Structures are given as structure tokens and as C-alpha cells.
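Accompanying notes for the structure given below.
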Amino acid sequence: MRNLTERVAVCVATGLYSGFFPIVAGTVGTIPAWLIAYFVLRGDQSLIISAAVVFSVLSVWSGTMCERLWGHDPKKIVMDEWAGMLVAVIALPYTLTAYVIAFFAFRFFDVAKVPPAAQAERLRGGWGITMDDIIAGVYANLFTRLVLYGMEHW
Numbered sequence: 003m004r005n006l007t008e009r010v011a012v013c014v015a016t017g018l019y020s021g022f023f024p025i026v027a028g029t030v031g032t033i034p035a036w037l038i039a040y041f042v043l044r045g046d047q048s049l050i051i052s053a054a055v056v057f058s059v060l061s062v063w064s065g066t067m068c069e070r071l072w073g074h075d076p077k078k079i080v081m082d083e084w085a086g087m088l089v090a091v092i093a094l095p096y097t098l099t100a101y102v103i104a105f106f107a108f109r110f111f112d113v114a115k116v117p118p119a120a121q122a123e124r125l126r127g128g129w130g131i132t133m134d135d136i137i138a139g140v141y142a143n144l145f146t147r148l149v150l151y152g153m154e155h156w
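The structure is reproduced here in C-alpha cells:
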């Protein structure tokens, strides 16, 4: 039986247990963050930035705790996806189109591990778990901006 701290860490790290989905856990685990961003935060930039910071801190903490239980960067940890998804929508227009593009771009860049994301993943504990997703979120944000700019000007 786990102690209370470990139970809370598991609940947080797995994104309220969404990371236990048996296939494509990272994608399934990103969906709750997208839903929070679109339907709860609704384009409010101060809330989006605050949530990105909170999710990042929770990801580092819970990721460090859960690595002790499950080994290095297990797939069921998805709080890092929550943090990265929120970074992906910072300062984007609050439109379904922008948020859908950001979701798919984030999933692509999270899987692709474009440098320096691959290097960041090697950081110790929850830092390595979280930072590659933050970087993927930045790439997704920039990519989404380019696509939206292209849609507007072509």
C-alpha cells in the first residue's frame, strides 16, 4: 500500500489516471489538458499561463516521485503533456481551429523530440520528464502561429 504522498503523486502524474490508458497514453493523457484549456480557461491568458506554471511544477514534483516507483520516464506519466499542451496555446487566438492545430502540433513535436527536447529529456527526475514537453509546447505554439498566419494570408 502506498503512502498518501505517493498516492497523490500517482494521481497527479497520471493526469487524474488518464495516463493508464493502455494505448497512446500520451495522446489520451493530453486530451484532458486540451479540454481544460478550451472549455474552462477559454482563452484567458492569465489563467492559461498560471495553469501552465502550476502543471509544470506539479509535473516536476510528481514525475520525480513516480520515477522512483516506475523507473525513468514511464509512459503513464502525462502531467508533462498537460504542461506542454498549455504552453502550446499561450497567446493563441481563442478559436477551435487554433486549439485543434495546437493539439496535433504538440503531439507531433512531443513524439519527434526535436532538439533540444531530446537533450532535455535526459535531465534528472521530473525535470527530464517535463522539460521536453515544455519545449514541444513552444514548438507547437510557433508552428500553430505559422499555420494560422498562412491561412490568413494565402
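Counting from 3, one number per residue, gives the positions in the sequence shown under my numbering.
Note that CB positions come from ideal geometry on N, CA and C, so glycine has one too.
Computed from a predicted model, the values in this text were never measured in an experiment.
**Request:** Report back the beta-carbon spacing between residue 132 and residue 58 to the nearest angstrom; my notes put them in contact at under 8 Å.
**Result:** Sure, about 6 Å apart at Cβ, within 8 Å.
**Asked** Counting pairs of Cβ atoms below 8 Å between the region 62-78 and the region 93-101, do you hit three or more?
**Response** The region 62-78, when compared against the region 93-101, does not touch it at the 8 Å Cβ threshold.
**Request:** State the Cα-Cα distance for the pair residue 134 and residue 37, rounded to the nearest angstrom.
**Result:** Computed Cα separation, rounded: 21 Å.
**Prompt:** Alpha carbon to alpha carbon, what distance is there between residue 99 and residue 22?
**Reply:** Taking the straight line joining both Cα atoms gives about 28 Å.
**Request:** Just the C-alpha distance for residue 5 and residue 15, rounded to the nearest angstrom, thanks.
**Result:** C-alpha separation (whole angstroms): 15 Å.
**Prompt:** What is the DSSP secondary structure of residue 5, counted as helix, strand or coil?
**Reply:** If DSSP states are grouped into helix, strand and coil, residue 5 belongs with coil.
**Message:** Could you give the first and the last residue of the continuous alpha helix (DSSP H) run that contains residue 24?
**Reply:** In the DSSP assignment, residue 24 falls outside any alpha helix (DSSP H), carrying neither H nor E.
**Asked** Are the beta-carbon atoms belonging to residue 80 and residue 32 less than 8 Å from one another?
**Response** Taking 8 Å as the Cβ cut-off, residue 80 and residue 32 qualify as a contacting pair.
**Asked** What three-state label does DSSP hand residue 19 in the structure shown?
**Response** Residue state, collapsed to three classes: coil.
**Message:** Excluding the 5 residues flanking residue 30 on each side, which residues of the same chain have their C-beta closer than 7 Å to its C-beta?
**Reply:** Its chain contains 20, 23 as the residues whose beta carbon lies nearer than 7 Å to that of residue 30, once the 5 sequence neighbours on both sides are disregarded; these appear in chain order.
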